[in-house]
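Asker: To start, I am sharing the structure in question, which I have written as structure tokens.
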Amino acid sequence: MSFIADKQTLEDMNMLGKYNHHSIFNLFNKVKTTGGEKLLQQMFQTPLTDAELINKRSRTFAYFQSTQITFPCSNEQFGAMENYLSGSIGKFFPGVIIYHASKKLQAAVLRDEEYPKLQNGLQQTIAVLRQCKAFISQFEEKARQKHPFYDELQMVKTILSDPKLEWLNKAQSGQSSLLNTARYDYLLRHTMQQALQTVMDTFYMLDVYLAVANLAREKQWNFATALPNGTNLFTATELRHPNINKAVANPVSFNSDSNLIFLTGANMAGKSTFMKAFGINVYLAHMGFPVAANNMEFSVKQGIYTSINVPDNLDMGLSHFYAEVLRVKKVAEEVSSGKNLVIIFDELFKGTNVKDAYDATLAVTAAFSEYRNCLFIISTHIIEAGEVLKHQSNIQSLYLPTIMNGSVPTYTYQLETGISADRHGMMIIENEGILELLEAQIN
Amino acid sequence: MLFTTDKQTQDDLNIYGKQGTDSIFSLFNRTSTVNGSKLLEELFRHPLSEAETINARSEKISYLKTVKAVFPFGAELFDQAEQYMANTDERTKLTAEKPSFEKMLTALVASNADYKQIVSGIGALIEIVQLLNSYLNDVLLLAGSPFKKDEEIADIHKLLYTEPVNLLLKENAKSKLPHEKLVAYDLTLRFRHRDTVQQILRCIYRLDVYITVAKVAAERNYVFPKAVPKNYHLVKIDAFYHPQLKNAVANSIHITADSNVIFLTGANMAGKSTFMKSFGIAMYLAHMGFPVAATAMEFSVLDGIYTTINLPDNLGIGASHFYAEVLRIKKIAKELSAGHNIFVIFDELFRGTNVKDAYEATIAITTAFAKKRGSKFVISTHIIEAGDVLKQHSNISFKYLPTKMDGTTPIYTYTLQSGITDDRHGMIIINNEGILDMLKKGKGGDNK
Numbered sequence: 007m008s009f010i011a012d013k014q015t016l017e018d019m020n021m022l023g024k025y026n027h028h029s030i031f032n033l034f035n036k037v038k039t040t041g042g043e044k045l046l047q048q049m050f051q052t053p054l055t056d057a058e059l060i061n062k063r064s065r066t067f068a069y070f071q072s073t074q075i076t077f078p079c080s081n082e083q084f085g086a087m088e089n090y091l092s093g094s095i096g097k098f099f100p101g102v103i104i105y106h107a108s109k110k111l112q113a114a115v116l117r118d119e120e121y122p123k124l125q126n127g128l129q130q131t132i133a134v135l136r137q138c139k140a141f142i143s144q145f146e147e148k149a150r151q152k153h154p155f156y157d158e159l160q161m162v163k164t165i166l167s168d169p170k171l172e173w174l175n176k177a178q179s180g181q182s183s184l185l186n187t188a189r190y191d192y193l194l195r196h197t198m199q200q201a202l203q204t205v206m207d208t209f210y211m212l213d214v215y216l217a218v219a220n221l222a223r224e225k226q227w228n229f230a231t232a233l234p235n236g237t238n239l240f241t242a243t244e245l246r247h248p249n250i251n252k253a254v255a256n257p258v259s260f261n262s263d264s265n266l267i268f269l270t271g272a273n274m275a276g277k278s279t280f281m282k283a284f285g286i287n288v289y290l291a292h293m294g295f296p297v298a299a300n301n302m303e304f305s306v307k308q309g310i311y312t313s314i315n316v317p318d319n320l321d322m323g324l325s326h327f328y329a330e331v332l333r334v335k336k337v338a339e340e341v342s343s344g345k346n347l348v349i350i351f352d353e354l355f356k357g358t359n360v361k362d363a364y365d366a367t368l369a370v371t372a373a374f375s376e377y378r379n380c381l382f383i384i385s386t387h388i389i390e391a392g393e394v395l396k397h398q399s400n401i402q403s404l405y406l407p408t409i410m411n412g413s414v415p416t417y418t419y420q421l422e423t424g425i426s427a428d429r430h431g432m433m434i435i436e437n438e439g440i441l442e443l444l445e446a447q448i449n
Numbered sequence: 009m010l011f012t013t014d015k016q017t018q019d020d021l022n023i024y025g026k027q028g029t030d031s032i033f034s035l036f037n038r039t040s041t042v043n044g045s046k047l048l049e050e051l052f053r054h055p056l057s058e059a060e061t062i063n064a065r066s067e068k069i070s071y072l073k074t075v076k077a078v079f080p081f082g083a084e085l086f087d088q089a090e091q092y093m094a095n096t097d098e099r100t101k102l103t104a105e106k107p108s109f110e111k112m113l114t115a116l117v118a119s120n121a122d123y124k125q126i127v128s129g130i131g132a133l134i135e136i137v138q139l140l141n142s143y144l145n146d147v148l149l150l151a152g153s154p155f156k157k158d159e160e161i162a163d164i165h166k167l168l169y170t171e172p173v174n175l176l177l178k179e180n181a182k183s184k185l186p187h188e189k190l191v192a193y194d195l196t197l198r199f200r201h202r203d204t205v206q207q208i209l210r211c212i213y214r215l216d217v218y219i220t221v222a223k224v225a226a227e228r229n230y231v232f233p234k235a236v237p238k239n240y241h242l243v244k245i246d247a248f249y250h251p252q253l254k255n256a257v258a259n260s261i262h263i264t265a266d267s268n269v270i271f272l273t274g275a276n277m278a279g280k281s282t283f284m285k286s287f288g289i290a291m292y293l294a295h296m297g298f299p300v301a302a303t304a305m306e307f308s309v310l311d312g313i314y315t316t317i318n319l320p321d322n323l324g325i326g327a328s329h330f331y332a333e334v335l336r337i338k339k340i341a342k343e344l345s346a347g348h349n350i351f352v353i354f355d356e357l358f359r360g361t362n363v364k365d366a367y368e369a370t371i372a373i374t375t376a377f378a379k380k381r382g383s384k385f386v387i388s389t390h391i392i393e394a395g396d397v398l399k400q401h402s403n404i405s406f407k408y409l410p411t412k413m414d415g416t417t418p419i420y421t422y423t424l425q426s427g428i429t430d431d432r433h434g435m436i437i438i439n440n441e442g443i444l445d446m447l448k449k450g451k452g453g454d455n456k
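These protein sequences, in sequence, are chains A and B.
Taking the working numbering, I'd label the letters of the first sequence as residues 7 to 449.
Taking the working numbering, I'd label the letters of the second sequence as residues 9 to 456.
This is the structure:
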């Protein structure tokens with residue numbers, strides 16, 4: 007079963023989107039080949055739900071992070087090869103020879119471009135295959151012991167060592183005879199087509215592994231350890247937002263006896279950013295990708311739901327409050343069906359009056375927190391609700407403080423235990439000089 | 009001085025709407041000509057800020073509504089005329105010399121598109137001018153018509169009886185013009201008196217807009233607001249409603265300098281936003297001299313309109329919702345302190361902050377706004393406690409939209425009442441959705 011993350015959640019965390027410059031996908035999209043990019047996209051769309059698979063993938067990343075390897079080919083070369091291999095050719099060798107002869111004739115007489123193109127594709131493919139072969143033998147020299155990518159590379163090696171491809175080493179670059187060209191073409195595009203596709207796929211994967219591993223090294227990210235489903239643990243030190251420079255790091259820990267964080271803090275103190283950082287790292291961890299956190303360990307979950315920027319749908323006649331209620335209902339359905347989930351609610355019930363918001367926050371938070379198999383972070387402005395909830399032992403009350411420097415609020419972005427009563431709304435209004443502006447005219 | 013408004017306001021009121029969706033503009037955008045539609049958009053972009061010009065425009069549209077005016081021109085005439093006028097290439101000018109035998113032969117084999125365009129363009133202009141002339145005489149310049157006072161119409165009328173336009177009136181639109189005449193008209197219309205022709209076309213596009221608006225007003229039974237001078241400080245609308253809603257409930261409102269702030273409360277979904285939008289739309293259209301969805305309206309002209317209904321928080325640049333609101337208020341405060349009298353709508357003031365801050369800020373800002381007697385404010389909030397403090401200001405009027413409970417189902421009347429409501433049905437909505445039950449049941453199942 008695949009990991010659940012709906013559209014709202016992915017948008018809240020800004021995970022996907024190649025054309026969205028600030029998306030997490032774009033942060034990771036440092037691959038060299040188009041095939042690698044497709045594979046990366048696929049990984050982003052389908053995080054894993056099996057601890058073993060997650061750990062296997064992250065071990066592979068970690069291995070490449072520790073080596074100094076660069077990807078052997080350029081995207082142009084790979085593109086040319088893919089383009090060449092995707093063209094089909096006849097099943098019978100004599101037919102192929104006739105085809106080649108006629109194309110060559112056309113090229114000579116009519117300046118038809120197909121034959122030169124075909125030759126070029128063939129040459130590029132030969133060059134790539136040689137580079138791959140050289141890369142593998144270099145790699146083997148470096149890495150003597152068995153490594154996580156061993157099996158895949160062995161498979162490619164076996165394919166490339168096929169006696170049918172022995173000519174690869176000999177074939178001189180430049181022009182070769184008509185008969186030779188036809189023979190190589192027939193071999194690559196007919197006899198060995200499937201095998202070569204495997205070679206390419208393996209190298210696309212290698213591209214992704216190397217790109218992500220290099221990024222992890224550069225950004226000093228680490229790998230999380232997935233724990234089998236069943237426990238409900240989460241620990242990390244120095245968890246931070248991967249897409250913010252100099253992001254402030256915070257420790258986070260959950261277990262089934264402490265499965266809900268009740269988060270308070272003034273406006274702009276960084277509540278949303280913290281919640282997004284947590285959600286993004288959980289998501290990345292389930293992909294087996296490096297996370298912007300240290301010593302992260304987590305029990306594998308079945309999905310994540312966030313509610314950070316719920317849009318009101320006034321066209322449909324839904325008020326902001328009702329949009330929130332429907333979102334909470336959707337999450338309640340998922341949670342009560344017994345799934346193990348990570349849930350993030352930012353500013354729960356901000357679209358209603360104080361008393362309702364208080365009652366609703368209290369009731370909903372208390373009801374959710376009974377699901378000890380799930381993890382929750384709930385933030386609110388209704389700090390009064392926290393006073394009641396803090397008596398529940400499985401709720402951690404945390405806040406993001408504001409420190410006043412004269413009349414200018416400064417933010418540490420560092421989590422502290424307790425409930426914040428910081429409120430600097432009036433201060434901000436005063437700093438903007440709004441009331442003076444309004445008074446000025448009257449005097 | 010210009011009437012000021014901004015994109016946030018236009019988005020809130022759905023003036024232009026998103027591409028392809030219904031908007032206030034699209035409600036009226038049924039002109040016969042393409043350029044009429046462009047002009048209409050222009051009018052929406054620039055509402056007026058003087059009572060005289062507003063009334064002058066609304067009187068004209070109102071007159072067209074009374075006489076049940078119909079746009080007298082076929083729309084295709086303007087396509088032909090505009091295409092013709094758009095060709096300013098001197099080389100295409102018709103020449104007087106007889107076409108050579110060779111040219112005639114070519115024309116027989118491959119018809120000359122340029123030539124055809126010129127002929128049909130001149131024909132269209134002749135027909136347009138003649139139709140305009142009879143329309144002026146038969147409808148616009150009858151006794152009692154407000155168009156008699158209109159300078160632009162007077163100019164056009166004069167033009168029709170002077171060279172060279174008067175020549176067109178004498179032509180028979182049905183018959184084919186001889187070549188020499190075509191040459192002469194081509195030179196005058198397209199080059200020498202180009203400005204005159206364009207002035208006439210512009211005038212017709214304006215008529216197109218006015219006639220269309222009059223038609224919409226008649227179909228939808230809209231009323232024309234009466235603008236009164238600025239110093240009257242008055243807004244009085246009877247039975248106004250949201251023009252885009254079916255079966256919309258109508259409300260009336262009466263604002264003077266002694267009641268220039270409306271403090272609006274009501275439960276979720278009771279219709280606060282809709283009420284404010286309808287009010288905003290009526291004010292916006294009124295300042296354009298357009299008809300509004302109401303039974304009567306009188307208003308003193310204001311300098312601008314600013315609404316804050318769906319304020320997006322700009323989290324991309326790190327501004328919280330609260331800060332976005334603060335900046336918006338600052339913008340409005342600047343307008344007010346510059347001495348402008350404006351119309352301000354604020355939905356759910358300070359919803360993005362904690363209760364105590366929201367309470368204090370709502371009181372402080374509302375009190376400061378209330379002192380600007382020349383401006384009008386509608387402020388809605390969930391912080392009903394702020395209302396109790398604000399009661400000491402006599403010029404704040406308190407209105408609410410009620411919720412009636414039918415068992416556990418809330419019913420909304422959408423009819424404005426005086427006072428402050430403490431209706432709160434948020435928990436009932438949550439219970440109706442069965443969220444807490446669902447969570448309890450799920451837990452119970454687990455234990456078993």
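C-beta: ideal position from N, C-alpha, C; glycine also.
Taking the C-alpha atoms as reference points, what is the distance between A/E376 and B/K451?
Answerer: Start at 1 with the first residue of the first sequence, and residue 376 of chain A comes out as number 370. Start at 1 with the first residue of the second sequence, and residue 451 of chain B comes out as number 443. Distance between the alpha carbons of A/E376 and B/K451: 7 Å.
Asker: Can you name, in chain order, every residue of its own chain whose Cβ lies under 8 Å from the Cβ of B/T13, other than the five neighbours on each side?
Answerer: Within the second sequence, numbered from 1, the residue matching residue 13 of chain B stands at position 5. Excluding sequence neighbours, B/T13 sits near P55, Y292, G312, I313 and Y314.
Asker: Would you decide whether B/P233 is buried or exposed? Buried here means 16 or more other CB atoms lie within 10 Å of its CB.
Answerer: To locate residue 233 of chain B, count along the second sequence from 1; it is residue 225. Looking at its Cβ environment, which holds 16 or more other Cβ atoms inside 10 Å, B/P233 is buried.
Asker: If I follow the unbroken alpha helix (DSSP H) through A/G431, where does it start and stop?
Answerer: As a first step, residue 431 of chain A must be located in the first sequence, where it is residue number 425. That run of the alpha helix (DSSP H) goes G431 to N437.
Asker: Nearest CA to the CA of A/E224: which residue from A/V297, A/M211 and A/K44?
Answerer: Along the first sequence, one-based indexing puts residue 224 of chain A at 218. It is A/V297 whose Cα lies nearest to the Cα of A/E224.
Asker: Tell me the DSSP secondary structure of A/L320 in three-state form.
Answerer: In the first sequence, counting from the first residue as 1, residue 320 of chain A sits at position 314. Caution is warranted here: a pLDDT of 49 is assigned to A/L320, below 50, making its placement in the model unreliable, and the coordinate value is therefore given only provisionally. Helix, per DSSP.
Asker: Nearest to B/V363 by alpha carbon, out of B/R65, B/I392 and B/N268?
Answerer: As a working mapping, residue 363 of chain B is identified with position 355 in the second sequence. For B/V363, the nearest C-alpha among the options comes from B/I392.
Asker: Which full runs of the beta strand (DSSP E) of 3+ residues lie inside the segment 370-427 of chain A, going along the chain?
Answerer: 381-385, 401-406, 408-411 and 414-417, all fully within the segment 370-427 of chain A.
Asker: Check distances from the C-beta atoms of the segment 291-309 of chain B to those of chain A and list, in chain order, the residues that come in under 7 Å.
Answerer: Against chain A - using a Cβ distance shorter than 7 Å - the segment 291-309 of chain B contributes no residues.
Asker: Can you tell me which of the three DSSP states A/S8 falls into?
Answerer: As a first step, residue 8 of chain A is located in the first sequence; it is residue number 2 there, counting from the start. DSSP places A/S8 in coil when its eight states are reduced to three.
Asker: Examine chain A for any beta-carbon lying closer than 8 Å to the beta-carbon of B/K338, and answer yes or no.
Answerer: On the second sequence, residue 338 of chain B is found 330 positions in, with the first residue counted as 1. So yes, B/K338 belongs to the interface.
Asker: Below 7 Å on C-beta distance, what does B/D414 contact in chain A?
Answerer: Stepping through the second sequence from its first residue, residue 414 of chain B is reached at position 406. Ordered by position in chain A, no residue passes the 7 Å Cβ test against B/D414, which lies about 18 Å from the chain.
Asker: Any beta-carbon of chain A closer than 8 Å to the one on B/L323?
Answerer: Translated into positions along the second sequence, residue 323 of chain B becomes position 315. Bear in mind that the predicted position of B/L323 carries a pLDDT of just 47, short of 50, making it unreliable; the figure below should be weighed with that in mind. Output row for B/L323: interface = yes.
Asker: Given that a residue counts as buried once 16 or more other Cβ atoms are within 10 Å of its Cβ, and exposed if not, what is B/I419?
Answerer: For the purposes of this step, residue 419 of chain B is identified with residue 411 of the second sequence, where counting begins at 1. That one is exposed.
Asker: So does the segment 165-185 of chain B actually touch the segment 73-82 of chain B, counting three or more Cβ pairs closer than 8 Å?
Answerer: Flag = no, the segment 165-185 of chain B and the segment 73-82 of chain B do not touch.
Asker: Is the segment 38-52 of chain B in contact with the segment 216-235 of chain B, if contact means three or more CB pairs nearer than 8 Å?
Answerer: Contact holds: three or more Cβ-Cβ distances are below 8 Å.
Asker: For chain B, find out if any of its Cβ atoms is closer than 8 Å to the Cβ of A/R429; answer yes or no.
Answerer: The sequence position of residue 429 of chain A within the first sequence is 423, counting from 1. Interface residue, yes.
Asker: Of all the options B/K238, B/V334, B/Q206 and B/Y24, which has the alpha carbon lying nearest to the alpha carbon of B/E58?
Answerer: Taking the first residue of the second sequence as 1, we reach residue 58 of chain B at position 50. Out of B/K238, B/V334, B/Q206 and B/Y24, B/K238 has the C-alpha closest to the C-alpha of B/E58.
Asker: Taking just the CA atoms, how far does A/T367 sit from A/L320?
Answerer: Sequence index remark: in the first sequence, residue 320 of chain A carries index 314 (1-based). Sequence index remark: in the first sequence, residue 367 of chain A carries index 361 (1-based). Because the pLDDT at A/L320 is just 49, under 50, the model does not fix this residue reliably, and the value given afterwards should be weighed accordingly. Rounded to whole angstroms, A/L320 to A/T367 spans 23 Å at the Cα level.
Asker: Write down the C-beta distance between A/F260 and A/L347 rounded to the nearest angstrom, noting that I regard them as a contact closer than 8 Å.
Answerer: Taking the first sequence and counting its residues from 1, the one referred to as residue 260 of chain A is at position 254. Taking the first sequence and counting its residues from 1, the one referred to as residue 347 of chain A is at position 341. Not quite, the Cβ-Cβ distance comes to about 12 Å (not below 8 Å), so this is no contact.
Asker: With 16 other CB atoms within 10 Å as the buried threshold, where does B/M413 fall?
Answerer: If you number the second sequence from 1, residue 413 of chain B lands on position 405. Exposed, because fewer than 16 other Cβ atoms sit within 10 Å of the Cβ of B/M413.
Asker: Would you mind sorting B/N349 into buried or exposed? The rule is 16 or more other CB atoms within 10 Å of its CB.
Answerer: Here the question's residue 349 of chain B lines up with position 341 in the second sequence. Looking at its Cβ environment, which holds 16 or more other Cβ atoms inside 10 Å, B/N349 is buried.
Asker: Write down every uninterrupted run of the alpha helix (DSSP H) in the segment 255-335 of chain A whose length is 4 residues or greater and which is fully enclosed by it, in chain order.
Answerer: Runs of the alpha helix (DSSP H) inside the segment 255-335 of chain A: 277-292.
Asker: Which two residues bound the contiguous beta strand (DSSP E) that contains B/S308?
Answerer: Here the question's residue 308 of chain B lines up with position 300 in the second sequence. First-last of the beta strand (DSSP E) with B/S308: A304 to S308.
Asker: Can you check whether the CB of B/F307 is closer than 8 Å to the CB of B/L242?
Answerer: Within the second sequence, residue 242 of chain B is the residue found at index 234, counting from 1. Within the second sequence, residue 307 of chain B is the residue found at index 299, counting from 1. Yes, the Cβ-Cβ distance between B/L242 and B/F307 is below 8 Å.
Asker: I want to see whether chain B comes within less than 8 Å of A/S305, judged by CB atoms only; does it?
Answerer: What you label residue 305 of chain A is simply residue 299 of the first sequence in a count that begins at 1. Cβ-Cβ to chain B under 8 Å: no for A/S305.
Asker: If you follow the beta strand (DSSP E) that B/H262 is part of, which residue opens it and which one closes it?
Answerer: Taking the second sequence and counting its residues from 1, the one referred to as residue 262 of chain B is at position 254. It spans N259 to T264 - the beta strand (DSSP E) in which B/H262 sits, taken as one unbroken run.
Asker: Less than 8 Å between the C-beta atoms of A/T34 and A/V218, yes or no?
Answerer: To locate residue 34 of chain A, count along the first sequence from 1; it is residue 28. To locate residue 218 of chain A, count along the first sequence from 1; it is residue 212. Sequence check: residue 34 of chain A is Phe here, not Thr. Yes; because the gap between Cβ atoms is below 8 Å, this pair is in contact.
Asker: Helix, strand or coil, according to DSSP, for B/S153 in the structure here?
Answerer: Walking along the second sequence from the start, residue 153 of chain B turns up at place 145. It is coil, neither helix nor strand.
Asker: Closer than 8 Å between beta carbons: that is the criterion. Which residues of the segment 340-364 of chain A meet it against chain B?
Answerer: Hits within the stretch, in order: V341, S342, S343, G344, E353, F355, K356, G357, T358, N359, V360, K361, D362 and A363.
Asker: Quick check on this structure: which residue in B/G442, B/A225, B/E60 and B/V127 has the alpha carbon closest to the alpha carbon of B/E188?
Answerer: Start at 1 with the first residue of the second sequence, and residue 188 of chain B comes out as number 180. If we check each option's Cα against that of B/E188, B/V127 comes out closest.
Asker: Among the candidates A/N238, A/H196 and A/I165, whose CA atom is the shortest distance from the CA of A/V205?
Answerer: Position 199 of the first sequence holds residue 205 of chain A. For the residues A/N238, A/H196 and A/I165, the minimum Cα distance to A/V205 belongs to A/I165.
Asker: Contact between the segment 137-146 of chain B and the segment 197-204 of chain B is defined here as three or more beta-carbon pairs at a separation below 8 Å; is this criterion met?
Answerer: Short answer: they don't touch.
Asker: Measure the C-alpha to C-alpha separation of B/L102 and B/D194 and round it to an integer number of angstroms.
Answerer: In the second sequence, residue 102 of chain B corresponds to position 94, counting from 1. In the second sequence, residue 194 of chain B corresponds to position 186, counting from 1. Near 7 Å, if we compare the C-alpha coordinates of B/D194 and B/L102.
Asker: Quick one: any contact between the segment 237-248 of chain A and the segment 280-287 of chain A, if contact means 3 or more CB pairs under 8 Å?
Answerer: Contact holds: three or more Cβ-Cβ distances are below 8 Å.
Asker: Could you check where the beta strand (DSSP E) with A/K163 kicks off and where it finishes?
Answerer: Taking the first residue of the first sequence as 1, we reach residue 163 of chain A at position 157. Careful: A/K163 lies outside any beta strand (DSSP E), inside the alpha helix (DSSP H) at Y156 to L166.
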